[in-house]
Amino acid sequence: MNVHQLYINGKYVDSKSDEMIDVVNPSTEQVISKIANATEEETNQAIETAFEAQKKWAKQTQVERGKIVRDLGQRLEANKERFVELLIEEQGKDYELANGEVQTAIDYFYYMSEWARRIEGEIVPSDRPNEQILMQRKPIGVVGGIVPWNFPVFILARKVATSLITGCSIVLKPSQQTPNTAVEFTKLVDQSDLPAGVYNLVTGKGSSVGNILASHPKVAMITMTGGVGAGTKVMEAAAQNMTKVNLELGGKAPAIVTKHADIDLAVENITASRLTNNGQACTNAERVYVHEDVSDEFIDKLTKAFKETTYGNPLQNKQADIGPLINKEHLEGVHEMVQRAIEEGARVVTGGQQAKTEKGFFYEPTILVNVEQKSEIIQEEIFGPVLPIMTFKEFDQAIEWANDSKYGLSSSVYTENYHEAMRAADELLFGETFVNRENFEAIQGYHAGLRQSGLGGTDGKHGVGDFLVTHAVYMQFKQE
38 MNVHQLYING KYVDSKSDEM IDVVNPSTEQ VISKIANATE EETNQAIETA
88 FEAQKKWAKQ TQVERGKIVR DLGQRLEANK ERFVELLIEE QGKDYELANG
138 EVQTAIDYFY YMSEWARRIE GEIVPSDRPN EQILMQRKPI GVVGGIVPWN
188 FPVFILARKV ATSLITGCSI VLKPSQQTPN TAVEFTKLVD QSDLPAGVYN
238 LVTGKGSSVG NILASHPKVA MITMTGGVGA GTKVMEAAAQ NMTKVNLELG
288 GKAPAIVTKH ADIDLAVENI TASRLTNNGQ ACTNAERVYV HEDVSDEFID
338 KLTKAFKETT YGNPLQNKQA DIGPLINKEH LEGVHEMVQR AIEEGARVVT
388 GGQQAKTEKG FFYEPTILVN VEQKSEIIQE EIFGPVLPIM TFKEFDQAIE
438 WANDSKYGLS SSVYTENYHE AMRAADELLF GETFVNRENF EAIQGYHAGL
488 RQSGLGGTDG KHGVGDFLVT HAVYMQFKQE
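For the sequence shown, the numbering used here begins at 38 and goes up steadily by one.
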């Protein structure tokens, strides 16, 4: 069994920690590797190393940085099947989605490498004679990257590729539940021309390693993807040094299905949007508001789609539609949430139970009706294959209910009526709105949320900008 090392200043390091963490395959419940909960000394060493290395890395030309970022994408592509296998093993993702995630990570490195010639400053006219104002875009410095367990390869790419192309160094902390893909990526870094210290890997718990990263004075920005509770703790720790935070947190995405919707299209895409990654994505459709005139047809067809969904160990069955939930605790939490909804009056249309498998943390795709807007199942993130449905009569009511949430990441609307689509785009208070398509963002777009869904964002030119600072230079000159 692999006991993974840390990676600091271009070298593999055995941790001195006496606390080891088991990594469990959620499909088989077997321990597949172990990581150390890195010590404070080791985490600080990684940060100090990154701080010194970043000074030289920032002075490399953007084109040179772009070549290295692209090379990492090529190395990832050459080892794609290995990453797909590791991702399935540690996270339980179905084969098609795992393959897609790794490919998106590859594309992300390629896309970010192209920013080598796109990061630009400005020249602003001055109010004074013989003066120009230069607006320079510079790397923010050392980035602390905290990666979640639900998309460990793609989100690693988001944080690493963006850090590197902007001239930042990074100390990466993968989730303690899914570190194997990050460890494998580190092997690619070790074989590349990336200067020592620009990328560092430190494993462990968020409460220890994550807290040190967030509170260290030499970390210029923390970029974390995770839950609201963890995000709050990161903000508290970062506040000690006024460290910038880039947080993608929870979601409770509404899907509105109007009477003008293509019902078959809505069923297909909402099924995908709810069951992708077994419901464990912050952009997943978490609640549906369907017009009462089409609710029976929609619910009947959606129920059929949910019942036809297959699940199993993706390493043994590549055709399985979904895999397991990440661990036993999460499985129990999802089921308890469903039980509380039932106690409050919800009716189970399909599912509602742990799936009958010999091993693994599988839950049946579940549809609930007879739920109320104020209920927990509508207001709180489920993060599992469970979908509550409400009906509405007026479009205004659907918009009001959709916006009635402490979260504000993703939303969607299904309609063939142009005016309804435009109103939804104008009135939905979310960072993203998907019209007549599944919930998944583009790498050249912008992924960001409102309210408790986070601060800052990722992807596209706006995401690149979050890793940069603007330096205003007032340049006086003489007329000779």
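The C-beta atom is built at its ideal place from N, Cα and C for all residues, glycine as well.
Since GLN169 is in the alpha helix (DSSP H), which residue starts that stretch and which ends it?
Secondary structure note for GLN169: it is in no alpha helix (DSSP H), and the uninterrupted beta strand (DSSP E) holding it is 168-176.
request  = Please name the residue, chosen from GLN390, GLY268, GLY360 and ASN248, that lies closest to MET374 on a Cα-to-Cα basis.
outcome  = Taking each of GLN390, GLY268, GLY360 and ASN248 in turn and checking the Cα distance to MET374, the smallest one comes out for GLN390.
Are the Cβ atoms of GLY288 and THR260 separated by less than 8 Å? Note that the C-beta distance between GLY288 and THR260 is not below 8 Å.
One question on the structure: do ASN283 and GLY493 come within less than 8 Å of each other, judged by their Cβ atoms? Against a cut-off of 8 Å, the Cβ pair of GLY493 and ASN283 comes out as a contact.
> Which class does ALA374 belong to by DSSP, given the choice of helix, strand or coil?
Replying inline: The sequence as given places Met at residue 374; Ala does not occur at that position. Here DSSP, grouped into helix, strand and coil, assigns MET374 to helix.
- Message: List, from N- to C-terminal side, the beta strand (DSSP E) runs of 3 residues or more that fit wholly inside the stretch 401-434.
- Response: With a minimum length of 3 residues, the continuous beta strand (DSSP E) runs that stay inside the stretch 401-434 are 403-406 and 423-429.
So which of LEU124, VAL506 and GLU323 has the shortest CA-CA distance to ALA95? For the residues LEU124, VAL506 and GLU323, the minimum Cα distance to ALA95 belongs to VAL506.
**Study point:** Opening and closing residue of the alpha helix (DSSP H) in which PHE343 lies
**Key:** That run of the alpha helix (DSSP H) goes 332-344.
When burial is assigned at 16 or more other CB atoms within 10 Å of the CB, is ASP59 buried or exposed? Exposed, since its Cβ has fewer than 16 Cβ neighbours within 10 Å.
TODO: Tell me whether the beta-carbon of VAL423 lies closer than 8 Å to the beta-carbon of THR403.
DONE: It is a contact, given that the beta carbons lie within the stated cut-off.
(request) Pull up the distance between the alpha-carbon of LEU312 and that of MET512, whole angstroms please. (result) So the two alpha carbons sit approximately 56 Å from each other.
- TYR236 and VAL184: beta carbons closer than 8 Å? Contact: no.
Checklist line | 3 or more residues per run - each beta strand (DSSP E) lying fully within the stretch 289-313 | finding: Note on the stretch 289-313: whole beta strand (DSSP E) runs with a minimum of 3 residues are 290-294, in chain order.
Quiz item: Quick one, are the C-beta atoms of GLY482 and GLY497 less than 8 Å apart?
Solution: Taking a C-beta distance under 8 Å as the contact criterion, GLY482 and GLY497 qualify as a contact pair.
So which of ASN187, LYS255, VAL139 and ASN74 has the shortest CA-CA distance to PHE88?
Comparing Cα positions, the closest option is LYS255.
Quiz item: Do the CB positions of ALA342 and VAL294 come within less than 8 Å of each other?
Solution: Cβ distance not < 8 Å, so ALA342 and VAL294 don't count as in contact.
Exercise. Shortest alpha-carbon distance to GLY181 belongs to which of ILE207, ILE202 and GLY158?
Worked result: Cα-wise, what sits closest to GLY181 is ILE207.
From MET172 to GLU469, what distance separates their C-alpha atoms? Going by the C-alpha atoms only, they are around 30 Å apart.
Span of the alpha helix (DSSP H) holding SER200? Element bounds for SER200: 191-202.
Between ASP51 and ASP230, how many whole angstroms is the CB-CB distance? I'm expecting something under 8 Å. ASP51 to ASP230, Cβ: 25 Å. No contact.
query: Would DSSP call PHE399 helix, strand or coil?
result: Assigned with DSSP and collapsed to three states, PHE399 falls in coil, not helix or strand.
Under 8 Å between C-beta atoms of ILE415 and ARG324: Cβ atoms of ILE415 and ARG324: closer than 8 Å.
| request: For SER412, collect the residues of the same chain with a Cβ closer than 7 Å to its Cβ; drop the 5 residues on either side in sequence, then sort them by chain order. | output: For SER412, where only same-chain residues beyond five positions count, the Cβ hits under 7 Å are ALA378 and GLU381.
(request) Using the Cα positions of GLY445 and THR428, report the straight-line distance between them to the nearest angstrom. (result) Whole-angstrom Cα-Cα distance: 21 Å.
Cβ-Cβ separation, VAL406 to VAL386 (assumed contact under 8 Å), whole Å: The Cβ separation is near 6 Å, so the contact holds.
Which whole-angstrom value describes the C-beta separation of THR141 and GLU285, a residue pair presumed to lie in contact below a C-beta threshold of 8 Å? Not confirmed; about 16 Å, so no contact.
Margin query: Three or more C-beta pairs under 8 Å: does that hold for the stretch 243-257 against the stretch 267-274?
Written below: Cβ pair count under 8 Å is three or more, so yes.
Task: Own chain, CB closer than 8 Å to MET57, minus 5 neighbours either side, in chain order - done: Result list for MET57: VAL40, LYS71, ILE72, ALA73 and ASN74, in chain order.
Exercise for the section: Output the distance between the C-alpha atoms of ALA298 and GLU457, rounded to the nearest integer angstrom. Expected result: Those two C-alpha atoms are separated by around 10 Å.
Could you check which residue in ILE143, ASN167, GLU122 and GLU127 has the C-alpha nearest to that of GLU517?
-> Closest option to GLU517, Cα to Cα, is ASN167.
**OP:** Starting from the N-terminal side, write out each stretch of the beta strand (DSSP E) that is 3 residues or longer and does not extend beyond the stretch 444-498.
**Re:** Here the runs fully enclosed are 447-451 and 469-472.
Determine, using beta carbons only, whether ALA257 and ILE202 come nearer to each other than 8 Å. With respect to ILE202, ALA257 sits apart: the two C-beta atoms are not nearer than 8 Å.
Quiz prompt | Three-way DSSP call (helix, strand, coil) for THR262 in this model | solution = Strand, per DSSP.
Mark GLU77 as exposed unless 16 or more other C-beta atoms lie within 10 angstroms of its C-beta, in which case mark it buried.
Per the 10 Å Cβ criterion, exposed.
### Query
Taking just the CA atoms, how far does ILE480 sit from THR262?
Cα to Cα, THR262 sits roughly 16 Å from ILE480.
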